[in-house]
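Enquirer: Protein chains in written order, with the numbering used here: chain A, 15 to 735; chain B, 810 to 971; chain C, 9 to 132.
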Amino acid sequence: MSGSIQDTFFEECEELLEATDEGLTAIEGGNHDPEVVNAVFRAVHSIKGGAGAFGLDELVAFAHRFETVFDEVRANRLELEPKLIQLLLRSSDHLCDLVATARDGGETDEAHHNMLIAALDEYIPEEEEDLTFEPMGLGAPGGFAPAAIDIPAAPTEETYRIRFHPMKEMYGTGNEPFFLFQALKELGELEIKLDDTELPGFDAIDVAESYLAWDLVLTSTEPRDKIEAVFEFVEGLCELSIEGDGDAEADAAALEALNAAFGVAPSAEDGDAAPAPFDQPAPAPAADAGPAPAVDASADKAPAPKADTAKAEQRGGPKPTLRVELERVDRLINAVGELIINHSMLAQQIANLDVADMRDVETELEGFKNLARDIQEGVMSIRAQPVKPLFQRMARIVREASSATGKTCKLVTEGENTEVDKTVIERLSDPLTHILRNAVDHGIEKPEDRESAGKGKVGEIKLTASHRSGSVCIEIKDDGAGVNRPRVKQIAIDKGLIPENAELTDSEIDNLLFLPGFSTAKEVSNLSGRGVGMDVVKNAVTGLGGRINISSAPGKGSTFTIILPLTLAVMDGMVVSVADQTMVVPITSIVETMRGSDDMINNLGADGTLLSIRGNFVPVCDVAGALGLEKQDDQPPGVYLLVETETGQRSALAVDDIHDQRQVVIKSLDGVCGEIAGVAAATILGDGKIAMILDPESIIAASPSAAAFDTERRMNNAVAS
Amino acid sequence: MQSQVEVKHGDQEVKHAQFSEFVSFTVAGQAFCLKITQIREIRRWSPVTILPHAPSDVLGVMNLRGAVIPIYDLSARFGLHQTEASERNVVIVVAVGGKPVGLLAESVSEIISINPDDIQDTPPVDSRYTMEYIQGIISHDETMVRIINLDAVISVPEQVMM
Amino acid sequence: MKTKVLAIDDSRTIRNLLAATLEEAGFEYHCAVDGREGVDMYPEVAPDVVITDINMPNLDGFGVIEELRGEGINSKVPILVLTTESAADMKARARNAGATGWITKPFDDASLIFALKRVTGAAA
Numbered sequence: 015m016s017g018s019i020q021d022t023f024f025e026e027c028e029e030l031l032e033a034t035d036e037g038l039t040a041i042e043g044g045n046h047d048p049e050v051v052n053a054v055f056r057a058v059h060s061i062k063g064g065a066g067a068f069g070l071d072e073l074v075a076f077a078h079r080f081e082t083v084f085d086e087v088r089a090n091r092l093e094l095e096p097k098l099i100q101l102l103l104r105s106s107d108h109l110c111d112l113v114a115t116a117r118d119g120g121e122t123d124e125a126h127h128n129m130l131i132a133a134l135d136e137y138i139p140e141e142e143e144d145l146t147f148e149p150m151g152l153g154a155p156g157g158f159a160p161a162a163i164d165i166p167a168a169p170t171e172e173t174y175r176i177r178f179h180p181m182k183e184m185y186g187t188g189n190e191p192f193f194l195f196q197a198l199k200e201l202g203e204l205e206i207k208l209d210d211t212e213l214p215g216f217d218a219i220d221v222a223e224s225y226l227a228w229d230l231v232l233t234s235t236e237p238r239d240k241i242e243a244v245f246e247f248v249e250g251l252c253e254l255s256i257e258g259d260g261d262a263e264a265d266a267a268a269l270e271a272l273n274a275a276f277g278v279a280p281s282a283e284d285g286d287a288a289p290a291p292f293d294q295p296a297p298a299p300a301a302d303a304g305p306a307p308a309v310d311a312s313a314d315k316a317p318a319p320k321a322d323t324a325k326a327e328q329r330g331g332p333k334p335t336l337r338v339e340l341e342r343v344d345r346l347i348n349a350v351g352e353l354i355i356n357h358s359m360l361a362q363q364i365a366n367l368d369v370a371d372m373r374d375v376e377t378e379l380e381g382f383k384n385l386a387r388d389i390q391e392g393v394m395s396i397r398a399q400p401v402k403p404l405f406q407r408m409a410r411i412v413r414e415a416s417s418a419t420g421k422t423c424k425l426v427t428e429g430e431n432t433e434v435d436k437t438v439i440e441r442l443s444d445p446l447t448h449i450l451r452n453a454v455d456h457g458i459e460k461p462e463d464r465e466s467a468g469k470g471k472v473g474e475i476k477l478t479a480s481h482r483s484g485s486v487c488i489e490i491k492d493d494g495a496g497v498n499r500p501r502v503k504q505i506a507i508d509k510g511l512i513p514e515n516a517e518l519t520d521s522e523i524d525n526l527l528f529l530p531g532f533s534t535a536k537e538v539s540n541l542s543g544r545g546v547g548m549d550v551v552k553n554a555v556t557g558l559g560g561r562i563n564i565s566s567a568p569g570k571g572s573t574f575t576i577i578l579p580l581t582l583a584v585m586d587g588m589v590v591s592v593a594d595q596t597m598v599v600p601i602t603s604i605v606e607t608m609r610g611s612d613d614m615i616n617n618l619g620a621d622g623t624l625l626s627i628r629g630n631f632v633p634v635c636d637v638a639g640a641l642g643l644e645k646q647d648d649q650p651p652g653v654y655l656l657v658e659t660e661t662g663q664r665s666a667l668a669v670d671d672i673h674d675q676r677q678v679v680i681k682s683l684d685g686v687c688g689e690i691a692g693v694a695a696a697t698i699l700g701d702g703k704i705a706m707i708l709d710p711e712s713i714i715a716a717s718p719s720a721a722a723f724d725t726e727r728r729m730n731n732a733v734a735s
Numbered sequence: 810m811q812s813q814v815e816v817k818h819g820d821q822e823v824k825h826a827q828f829s830e831f832v833s834f835t836v837a838g839q840a841f842c843l844k845i846t847q848i849r850e851i852r853r854w855s856p857v858t859i860l861p862h863a864p865s866d867v868l869g870v871m872n873l874r875g876a877v878i879p880i881y882d883l884s885a886r887f888g889l890h891q892t893e894a895s896e897r898n899v900v901i902v903v904a905v906g907g908k909p910v911g912l913l914a915e916s917v918s919e920i921i922s923i924n925p926d927d928i929q930d931t932p933p934v935d936s937r938y939t940m941e942y943i944q945g946i947i948s949h950d951e952t953m954v955r956i957i958n959l960d961a962v963i964s965v966p967e968q969v970m971m
Numbered sequence: 009m010k011t012k013v014l015a016i017d018d019s020r021t022i023r024n025l026l027a028a029t030l031e032e033a034g035f036e037y038h039c040a041v042d043g044r045e046g047v048d049m050y051p052e053v054a055p056d057v058v059i060t061d062i063n064m065p066n067l068d069g070f071g072v073i074e075e076l077r078g079e080g081i082n083s084k085v086p087i088l089v090l091t092t093e094s095a096a097d098m099k100a101r102a103r104n105a106g107a108t109g110w111i112t113k114p115f116d117d118a119s120l121i122f123a124l125k126r127v128t129g130a131a132a
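1. Tell me whether the beta-carbon of B/I901 lies closer than 8 Å to the beta-carbon of B/F828.
2. How many whole angstroms separate the CB atoms of A/A640 and A/G587, which I take to be in contact at a CB cut-off of 8 Å?
3. Mapping the DSSP letters down to three states, classify C/A15 as helix, strand or coil.
4. Distance cutoff 8 Å, beta carbons only. Does C/L25 sit that close to anything in chain A?
5. Between the C-alpha atoms of B/R853 and C/E36, what's the straight-line distance to the nearest angstrom?
6. Tell me, which residues are paired with A/F631 by DSSP?
7. Answer yes or no: does any C-beta atom of chain C fall closer than 8 Å to that of A/T211?
8. When DSSP labels each residue in this structure, what does A/I396 get in the three-state scheme?
9. Please list the terminal residues of the continuous beta strand (DSSP E) segment that includes A/I475.
10. Given that C/G34 touches chain E, what residues does it touch there, using C-beta distances under 9 Å?
11. If you run the structure through DSSP and keep just helix, strand and coil, what is A/T573?
12. Could you tell me whether any Cβ in chain B is nearer than 8 Å to the Cβ of A/A161?
13. Using 8 Å as the threshold, is the C-beta distance between C/G46 and C/A40 below it?
14. Looking at chain C, which residues of the stretch 187 to 206 of chain A have a Cβ within less than 7 Å of any of its Cβ atoms?
15. What residues from chain C crowd round A/T793, counting only those whose CB sits closer than 8 Å?
16. Checking contacts by CB at 8 Å: is C/A15 closer than that to chain A?
17. How would you call A/P579, buried or exposed, if buried means at least 16 neighbouring beta carbons within 10 angstroms?
18. Does the ligand ATP have a heavy atom nearer than 7 Å to the CB of B/I956?
19. Does chain C have any CB closer than 8 Å to the CB of A/F84?
20. By the DSSP assignment, the beta strand (DSSP E) with A/M597 in it spans what residues?
21. How far does the beta strand (DSSP E) with B/R849 in it reach, from first residue to last?
22. Report yes or no: is there a C-beta of chain A within less than 8 Å of the C-beta of B/L860?
23. How many angstroms separate the CA atom of A/A453 from the CA atom of C/T108?
24. Looking only at its own chain, which residues have a Cβ that is under 7 Å from the Cβ of A/L201, when we skip the five neighbours before and after it?
25. Can you give the Cα-Cα distance for C/T112 and C/N63, rounded to whole angstroms?
26. Contact defined as beta carbons within less than 8 Å: I believe A/K476 pairs with A/E428. What is the distance between those atoms, to the nearest angstrom?
27. Below 8 Å on the Cβ atoms is my guess for A/D674 versus A/V589; work out the distance and round it to an integer in Å.
28. Just to confirm, is the Cβ distance from A/I698 to B/G875 under 8 Å?
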């Protein structure tokens with residue numbers, strides 16, 4: 015039944031964990047503002063609350079300790095010193111794990127769990143510790159509650175005499191005797207007798223005073239604690255006596271147990287007007303018969319100013335947000351994509367019309383286009399999300415990697431509010447994790463080595479996100495040892511990736527890291543090892559239509575730069591024709607376009623062709639051939655698109671013609687057909703026709719001559735990159 | 810789209826038969842049909858965009874109101890000759906697993922009502938295509954109409970393409 | 009007439025749980041995501057009973073009770089606080105502010121309905 019509610023809970027947990035992490039990161043950064051502390055407290059508290067509802071006891075127990083420590087901080091009884099902050103950060107990580115375990119199943123690391131609990135308990139004062147949170151089933155009585163009191167329900171009928179005399183304070187809390195009687199009635203036969211003997215003469219009545227009392231006789235088979243539970247909310251606000259005709263001592267014991275369960279001292283004895291457990295507000299001013307605002311001079315000052323700061327927070331605080339299903343946004347994105355296609359179709363048809371004066375129409379069309387673009391940008395921005403949560407998770411990766419390798423590193427993030435398409439963020443997680451682990455494992459030196467190199471003990475990894483001319487740039491920069499080029503080169507030679515006599519530039523050596531099958535670790539470390547190399551990172555990035563680069567300075571560190579498209583939904587493309595088909599080549603991969611002429615073409619071997627560009631020879635890749643398409647005529651290719659692959663190798667894609675450059679809406683071919691070599695996706699053109707969007711790298715790979723030559727060229731390093 | 814027909818025999822015996830409506834069409838000169846509820850729409854053929862490296866029975870992809878849908882040549886799929894598609898031909902859009910797919914047929918004939926009791930099992934013939942793709946046959950106006958097993962027709966090519 | 013409940017809790021999980029239980033039990037359910045919104049919604053919803061969380065952003069549960077009971081709104085409707093704390097001082101503070109009763113989280117359907125019954129008389 016609660017399946018979907020539980021889903022919501024886990025969804026919410028994600029946000030709460032994010033908030034926790036965010037708060038802790040701020041605290042770690044020196045921001046000990048009470049509101050920051052409060053926010054973390056609230057987040058952990060909410061996790062605990064929700065977890066309790068689903069009986070996730072382990073999570074509840076841990077969250078409770080975590081929260082209790084935070085409560086101590088909140089109350090200024092505990093100072094946020096570095097050691098505690100580290101513990102809190104680790105606890106936050108563990109809380110993450112517990113949530114994940116609760117959601118996905120699996121085992122928790124018990125030793126780690128117990129170690130953290132023990133560490134947290136050290137910060138919890140004794141008396142609090144005694145109050146160890148039990149997922150309590152609430153004192154509400156009856157068979158349904160796993161109540162602390164275990165009194166065998168006597169099935170025999172019993173008569174209870176109940177004397178109930180509310181104090182005036184009770185009326186200020188919104189409790190009504192009438193409703194209590196109704197609840198009692200459900201337990202058995204109830205006789206109600208009003209006792210108004212205390213009522214003074216009419217002119218002496220104080221409207222705020224409570225003069226009425228009731229004598230009730232309840233005949234019920236229900237146990238006594240059920241009857242007492244009815245009066246739970248008014249305990250201490252009334253004189254109450256319940257006399258059963260059973261064993262009085264057992265009743266007293268039951269009452270005590272009940273009170274213990276509620277954490278309440280025994281209620282007012284002998285009708286003493288001063289209620290024991292509760293600090294009562296001053297009687298309301300007599301003029302107003304209604305419940306007066308409860309203003310207690312001493313005890314309740316605390317929440318009031320807090321409310322004020324909360325208000326202030328709201329004014330200048332976070333902007334209001336709206337949660338929508340992703341699917342709805344995607345539908346909208348599709349619709350806007352259609353609108354743009356529709357516009358270009360319309361424009362094309364109008365252009366084909368034989369109309370003398372089209373200026374007005376063109377102006378309107380231009381307006382239409384701009385509006386459509388505006389809408390598109392707006393809709394796209396809905397999918398865009400700040401990279402902050404992603405970066406926060408990375409902080410954890412660095413913490414874990416540091417402790418696994420015995421190094422000390424800190425992650426500094428910048429540009430956390432940079433917004434990137436949601437899918438891009440999701441798919442960036444793995445590559446970033448890998449790069450960061452790699453940076454800690456291989457980049458950052460051991461503390462002693464750092465010191466002897468004249469660096470600070472603590473290694474720094476800087477993770478930056480920024481927008482750069484229509485792209486998103488993610489940079490991972492460490493201040494470690496940098497790429498060990500002689501070693502990298504030797505490994506590449508040993509593994510047969512490059513010939514022994516290869517002469518490579520520094521940058522080319524650095525980029526060897528991205529070659530499949532390359533792994534620098536002498537022994538496979540269990541951190542960044544597992545046989546997974548940087549080539550996987552590269553594939554993930556190119557899979558997102560992005561590029562990755564590494565630059566390094568020996569002794570100073572390395573920088574990985576990832577350039578990604580802003581969105582996966584549209585891209586700028588060059589519209590070309592290949593074997594009578596219209597196709598699109600991503601602009602980002604095109605370095606240069608040129609019209610072909612015979613004197614530029616040089617044959618090499620049986621079917622290899624080279625294009626000479628300003629003295630350099632570049633292998634030609636026939637797109638039609640690579641795609642297995644037959645050309646209708648024997649015309650030589652008209653246009654060459656010079657493209658550059660990730661490793662800096664250039665090729666010339668031969669196409670029949672180029673038409674124009676335009677923004678196209680990307681349509682995935684997933685589910686339409688399997689993966690097609692050379693094709694990345696499809697798009698719909700202005701005439702309503704579908705065009706394939708090409709993937710230059712895989713076209714080059716599919717073109718035997720170009721690929722062969724490419725390797726050869728690389729080996730000989732004939733062309734400077 | 811199903812019609813409940815009550816056939817009364819005399820006063821006592823009441824027989825219920827659930828008639829289903831089928832759309833019949835021709836592929837390479839042979840009559841085939843699909844349940845009308847399986848068909849989303851029928852469109853006139855217009856040239857499609859070629860999918861590189863696609864098998865011969867995959868004609869390409871078409872834009873169906875913004876969705877990219879694959880078009881199969883039913884004739885080639887059934888092991889008959891490849892269709893030289895022209896404007897006289899039709900594309901029958903069906904949904905397989907919630908995804909629209911277009912099937913090229915020569916022409917659409919008519920809508921016929923079929924009593925399930927009249928469907929005959931496909932007699933064993935020495936053709937893999939027939940056995941897999943045809944789930945039954947019926948006689949209608951003295952011609953044999955083949956009932957297509959849509960899931961078999963569409964799921965196989967996907968594997969081929971992978 | 010259905011008994012109208014205004015639930016104020018910043019936790020979506022708790023709100024969903026309350027909604028599921030209360031709607032099934034025949035209550036009319038309204039909710040607010042924080043204390044401020046709860047107080048703002050109060051006049052419009054005019055609930056028969058308010059259920060509020062304590063720890064919330066933008067006005068906590070005590071603040072909600074104070075504002076509802078305060079002179080501006082001067083509400084006399086029962087207010088139940090949701091608390092994970094079994095500690096007496098939380099209840100005492102809530103009651104001092106004018107709360108009618110409390111519901112301890114985690115709650116089950118029966119205890120929730122029972123608490124509502126005691127303060128509104130509403131039969132589930």
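Glycine residues also receive a C-beta, built at the ideal position from the N, C-alpha and C atoms.
These figures come from a predicted structure and were not determined experimentally.
Expert: To lay it out plainly:
1. no
2. Incorrect: roughly 18 Å between the Cβ atoms, too far for contact.
3. strand
4. Taking Cβ atoms only, chain A reaches closer than 8 Å to C/L25, which makes this a yes.
5. A direct Cα-to-Cα measurement between B/R853 and C/E36 gives close to 54 Å.
6. A/S626
7. So no, A/T211 is outside the interface.
8. helix
9. 473 to 482
10. The structure shown contains no chain E; its protein chains are A, B and C.
11. strand
12. At A/A161, the pLDDT of 37 sits below 50, so the modelled position is not reliable and the matter cannot be decided from this model.
13. Going by C-beta atoms, C/G46 is nearer than 8 Å to C/A40.
14. Residues of the stretch 187 to 206 of chain A with a Cβ closer than 7 Å to any Cβ of chain C, in chain order: T187, G188, N189, F192, F193, L194, Q196, A197.
15. Nothing in the structure corresponds to residue 793 of chain A, since chain A is present only between 15 and 735.
16. no
17. buried
18. Absent from the structure shown: the ligand ATP. Ligands present: none.
19. no
20. 595 to 600
21. 848 to 853
22. yes
23. 58 Å
24. Apart from the 5 residues on each side of it in sequence, A/L201 sits with its Cβ closer than 7 Å to the Cβ of L232, S234, E236, K240, I241 in its chain, given in chain order.
25. 13 Å
26. Separation of the CB atoms of A/K476 and A/E428 is rounded to 7 Å, and the pair is thereby assigned contact status at 8 Å.
27. So it is a contact: roughly 6 Å between Cβ atoms.
28. yes
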